[in-house]
Amino acid sequence: MTSWNQDDLPPLATFEDLAALLRKYDLDLHATGDNVRYRARTDPAWPIGEGKPYAYVKVGNARTAPPRPVLRLYEEHPRVGRRGPDKKPRQPRGTK
């Protein structure tokens, strides 16, 4: 895992930028903007939003967030429960 330095981080980042930072620092090698957005919607530990310690900032048409709390969340609570590889080969259609 590559350790991240607070001085190297931008003050605000979009979900796509957050995903790129997660990949850069080896916190989530398969991070995309969509799955970071999904975690933001579903994870009660997500640190940004209404009633949370940090707030989203609207920049143009994008919602941005400070990256430091997100990187800290992924360090302390990595994503788990992803679908793994197929356990057996697929059957041709029409056969069981």
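In my numbering, the protein residues as written are 9 to 104.
Glycine residues also receive a C-beta, built at the ideal position from the N, C-alpha and C atoms.
Quantities reported herein were computed from a predicted structural model and do not represent experimental measurements.
8 Å contact criterion, which residue i and residue j should meet: CB distance rounded
i, j, result
"A27", "G41", "5 Å"
"T72", "L30", "Not quite, the Cβ-Cβ distance comes to about 15 Å (not below 8 Å), so this is no contact."
"L17", "P75", "5 Å"
"P55", "P77", "4 Å"
"Y33", "L79", "7 Å"
Cross-strand partners of residue i (DSSP beta bridge)
i, result
"T72", "V65"
Close Cβ partners of residue i (< 6 Å) along its chain, the five nearest in sequence each way excluded
i, result
"A135", "Beyond the ends of the chain as shown, which are 9 and 104, falls residue 135; an answer cannot be given."
Residue i - DSSP class collapsed to helix/strand/coil
i, result
"A53", "coil"
"A28", "helix"
"A21", "strand"
"Y82", "helix"
"Q14", "helix"
"R101", "coil"
"A48", "helix"
"G41", "helix"
"P93", "coil"
Same chain, Cβ closer than 7 Å to residue i, five either side skipped, listed in chain order
i, result
"L37", "R31"
"E83", "L35"
Close Cβ partners of residue i (< 8 Å) along its chain, the five nearest in sequence each way excluded
i, result
"V65", "L20, R71, T72, A73"
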